[in-house]
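To start, the structure itself, in structure tokens.
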Amino acid sequence: MARKSSKMRSFNVAVVGLSGTEKDKGQAGVGKSCLCNRFMAALADDYSVDHISVLSQTDFSGRVVNNDHFLYWGEIAKTSEDGMEFLFQVIEQSEFIDDATFQPFKGSKMEPYAKRCSATKITSAEKLMYICKNQLGIEREYEQKLLPDGKISIDGFLCVFDVSSVPSRTIEKQVEAVTAILNNLTKTKKPIVLITTKNDDANETYVKEAEKLVGKKEYKGGILLVETSAHENINVDVAFIVLAQLIDRTRGRARILPFIEAARVRKEVLDHSTEALQSLIRTQVSDYRATWSLTSKKFFQHKEFMHFVELFGMDSSQRLFKRHLKKLQDEHIAKKIQAYMALLPDILQEMFPDVTALRDLDWSSVQLRIKEHPEFIQYFFECPEDVPWTEYDLDEGNETRIPYEVLDTSEAEKTYKSHVSGLQQEQKRLELPQRWKKQFKQLLEDTGYVTPGKALSEVRVLFMGRECFEALSEMDCQQIYDQHQKDIIDKAKHNFQELLLEHADLFYHFKSIAPEGTITQDDIKEITDALQDDSRYKALDRIDQDRKLMLFQHLGFVHCPIREHCPAFPNCMDALIERILRTRVHRPNSWNHNSQWRLNSDNNRLNLVILGIDGLADELASEIRVQCDEDEYELDCHLYSLDYRIIDGDVSLPENSFKGTDFLPNGCFCVYSNPEAFEYVRDSLEKTLLSNLEQDDRLPFQGLPIVILFLPDPSVDESEVLRLREEGQSLSDSLQCPFIDVSLEDIIDPGQRFSSALIAEAMGQLIQCIHHRAVFLNVNQPYVGSEPDIRIIMCMFCGDPYSVENVLGPLISHQCCFLSGDRSIILETFLDDSKRKVEVIVSSFHGANAFREELVHGFILVYSAKRRASLATLNAFSMNIPNLPIQVLAVTDTGGANAFFSNDLSHLLITEGNATADRLKAHFMTSVSSCQQKTAFYTPFFKEVWEKKPEIEQAFHMEEPISFNTSGKSTLEMPARQPRPPPRHESYHIKAGSNDGSGSEIYDIQPHDSLLDDMAELLTATIPEDRLTSSSDESYIYSDVELNGDDNSEPLVKPSEIKSNNKLHHVKRGRRRRVRN
């Protein structure tokens, strides 16, 4: 029963609720201990959420538990809202579990919990007050307060109902257990209050179950319900005071607030206390270096602090303090950074005046540049490694520099970017006029109304309102417009010139019908009528005088093709050809000063290079030595003193070089017997060729006589032997050298593959090549006295978009290629069983006039498959070529079928070029501009020309006119060669009197023709004197002879063959010898 006192009444309260093993109560308790702890602990720091019901036997037997299943929480005084004071003694009825068996300990009374917890008379001698779980086992270190008299009488019960969801516990199990407890409690006739715990994490279904429980009829409304949260300290004191008021009804009735409203009130209290302490901290602490120990001692004198500690605890108070210090420190650092950032732009400007150099670098790269700068220590300093710059005391000294670590902050990067952006904006402002000029220039380019010859005043209205036009001065606009006019006029003139070139047939037609230079107004009108519908003609409508001048200049060039008047000048094809041949083709001076190729009684030294692997080179050298007498070999009654250089390794190494300091080779034997040996020979020759092409004299490989020998290995199958034989023959063709093939049946003794007959044959072939080389090079006499066996003219069009070097590559990279003139070369190549000299005259189409009096055996006509004018000029030029062998070559960007289908223009020009070849009964082939063809590329055509040589020369001599002399004698004399009438078309020769190169005398102007008078004046006035050339520069288009062959003779190449083959078939050029042992 309640004890009475003069001061306040004491109430003994028992807290009960679901208890037991985890199977009974789930993975967590219902909150009895936390409820008692929160009620008994006045300070927040004394509240603990960690309470345990699983104990060891020792702890269970200790004086705190005292072998009982209840805890004595002590006594505490509380005051209600109306000022009434209450003294409470609290016990908690529990059920402790043995940590060994996980079963309830055996106590003095082992009744079921539901019945045992309803006991009103409780005794336990010497039982100590429970404070916390750490107390168990070390009770003497905590306050020791005994249960008064070892007994207590219960005045009322607080029954706990958990409304949170707990694993392994169903709501039905808790309702069942609490119902059993309430049924037993009601039998005691003591006041009961049902407390719902953990409402801060409530399940609404469980809350409703608790409401249903207290509303049962059997309880007759005698059980009150209070919603609490021990963790949030909401309604905890209210629950106990309500119970006390039920026990002592004279004490009135406390108001029970719903949990939500009580939580709101609690929050207001907490917020008010927090704001009060924050205000206290702000007013008392202004130094971010303040310490908590000193500050907290001062705060104990302030009720705001004490109230906060009571509500939240000391740890929360310290957290608020530290948060304030962090804010102070951040403000301090921010002020420092702000001061540093004010200095940084000026420092960057001093260190990097040209800040645009850093514009594309990221910030980390800029930092590295700053640190590496020579003036770094003048503006920055580095803190010790173990001290952050934020903690470095900068106030003790007079340091005005910036800590380098400050550059790692985002503010520094932002300041840098802002600084660079500002400088760029300023630069843009200064560059604005230039930008306006570019914009106006672009505007002119994008406007289709601005055409050549149109004045700015005519199009000014189109630009009004445009910022770039309005911002520029009148002078700037006019200057930009004039420059634009010059650009589009130059482009239009270039396009018009291309239009004139594309109509080459039209101009050469007038040349043929007016050979004496007489062109009438009707002729001019006919030309303009043919051109006037083209947009390139119309583009010059406003500058008609310039257009007429270009037309007459082009007519002058067609009639008198001078290099300086070439539309492509100064890149006229003739100039390019001369430059290429001069630099790429020459006769080395060293050849004129040694006797390497002369073998006679005075010089019979023969240095042999023997190339081969698998012991073949050594075996061949040994067999040659056997045939020698003291290293002297006799052949055709001549003795040759031999020296050898055997090579079977990498020829790129100095020790395997073809020549040495004391060894200059005269010839080379290359021997192979299987695929590996052949690959070695081929690779070695390629490496040696490439190596020597880089040298000025291109020795020893160029011109070095070579003999290739194939001795098949018996282990190689027949198909492989056939392939190796064809590969060897192809290699000899490319190198223009003899190929000796020894078949398997010819080898009588397998142990001796090199017979005396084979060696004699090989030596004979090599010595013959050496003699032939000596005659060809003519080391004692100038080369110009030697006549070629056939002469070919190769014509290319000026300004074509391809590499001239690649077109000439198969010629100038030939093993035996030598200069014979400024634009001519001589090749030594196999055309039958012997080597022949082929002279190739390389010229532009207009420059070919210079060779019209020469005996020519064929033409190679080259055009670009990307340019209409190129094929048009070829067609016009070909109209005056007699029935000679012709090779038409189309230069494309890509090879094979891709060249035909790459674009519509290439498709058209290749088709038309093929048709031209059909008309001329010529070969047609294509070549890729980006790569160089093999040296044998033109050889099939040379061979065809060589076969036609007798017919060509017979026709040439038959066409030479004869005349009687004036002496009156009947003797016929052959005068100097005269021009012959061309067989294919009318000639377009001009009269011989026009030889001063000015181009103004080539016309016979008709009387009373004012238009032509004006044009003549324009033409004469605009050609400068320095462009006038002598008669030697005025070359005429070649006038060829007609072959008087049989009309029924078969053409050189059938049209069907031309259409089905884009490339000439490979033709063997080497000589293949079979030797029997």
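In the working numbering, the protein residues as written are 538 to 1614. All C-beta atoms in this analysis are idealised placements derived from N, C-alpha and C, irrespective of residue type, glycine included. The structure displayed is predicted, hence computed values, not measured ones.
- In the three-state reduction of the DSSP assignment, residue 869 falls in the helix class, which pools H, G and I.
- From the listed residues 1261, 772, 806 and 1042, the smallest Cα separation to residue 1411 is found for 1042.
- In this structure the stretch 1290-1298 lies against the stretch 1160-1170, because at least three pairs of beta carbons, one per stretch, are closer than 8 angstroms.
- If you look at residue 736, you'll find it isn't in any alpha helix (DSSP H); DSSP assigns it neither H nor E.
- In the DSSP assignment, residue 1099 falls outside any beta strand (DSSP E), carrying neither H nor E.
- DSSP, read as helix, strand or coil, puts residue 754 in helix.
- Spanning the alpha carbons of residue 971 and residue 1470 requires a straight line of approximately 50 angstroms.
- Contact between the stretch 651-666 and the stretch 558-565 is absent: fewer than 3 CB-CB pairs across the two stretches fall below 8 angstroms.
- Separation of the CB atoms of residue 1098 and residue 1383 is rounded to 3 angstroms, and the pair is thereby assigned contact status at 8 angstroms.
- For the options 647, 988, 583 and 978, the alpha carbon positioned closest to that of residue 1004 is the one of 978.
- Around the beta carbon of residue 958, fewer than 16 other beta carbons lie within 10 angstroms, which makes this residue exposed.
- In the DSSP assignment, the residues bridged to residue 1175 are 1172.
- Sequence-distant partners of residue 629 (beyond 5 residues in either direction) whose C-beta falls short of 7 angstroms from its own C-beta, in its chain, are 552, 569, 570, 573, 607, 608 and 610.
- By the C-beta criterion, the stretch 588-602 is judged not to be in contact with the stretch 726-733, since fewer than 3 inter-stretch pairs fall below 8 angstroms.
- When secondary structure is reduced to three states using DSSP, residue 1018 falls in the helix class.
- Approximately 5 angstroms separates the beta-carbon atoms of residue 564 and residue 705; this is inside 8 angstroms, confirming the contact.
- If you check the CB distance, residue 989 and residue 1080 come in under 8 angstroms.
- Taking the Cα positions, residue 685 is about 37 angstroms away from residue 834.
- About 6 angstroms separates the CB atoms of residue 699 and residue 735; that is less than 8 angstroms, so the two are in contact.
- When the Cα atoms are used, residue 1265 and residue 1150 turn out to be separated by approximately 16 angstroms.
- The C-alpha of residue 1387 lies about 11 angstroms from the C-alpha of residue 1330.
- In the DSSP assignment, residue 1004 falls within the unbroken alpha helix (DSSP H) covering 1004-1008.
- Relative to the Cα of residue 1491, the nearest Cα in the group 927, 692 and 1421 belongs to 1421.
- Counting along the chain, the unbroken beta strand (DSSP E) around residue 658 starts and ends at 658-660.
- By the CB criterion at 8 angstroms, residue 1146 and residue 1205 fall inside the cutoff.
- Residues of the same chain with a CB within less than 8 angstroms of the CB of residue 792, apart from the 5 flanking positions on each side, are 618 in chain order.
- Under the three-state reduction of DSSP output, residue 781 falls in the helix class.
- Secondary structure of residue 551 (DSSP, three-state): strand.
- DSSP, reduced to helix, strand and coil, places residue 926 outside both helices and strands of the structure shown, so it counts as coil.
- By alpha-carbon distance to residue 1364, the top candidate from 1219, 1122 and 1448 is 1122.
- For residue 1467, the secondary structure class from DSSP, reduced to helix, strand or coil, is coil.
- A straight-line Cα-Cα distance of about 47 angstroms links residue 1120 and residue 991.
- Taking all protein chains in view, the Cβ of residue 749 is surrounded by fewer than 16 other Cβ atoms within 10 Å, so the residue is classified as exposed.
- Its chain contains 1007 as the residues whose beta carbon lies nearer than 8 angstroms to that of residue 1001, once the 5 sequence neighbours on both sides are disregarded; these appear in chain order.
- Among the bridge pairs identified by DSSP, residue 798 is matched with none.
- With respect to residue 918, residue 941 sits close: the two C-beta atoms are nearer than 8 angstroms.
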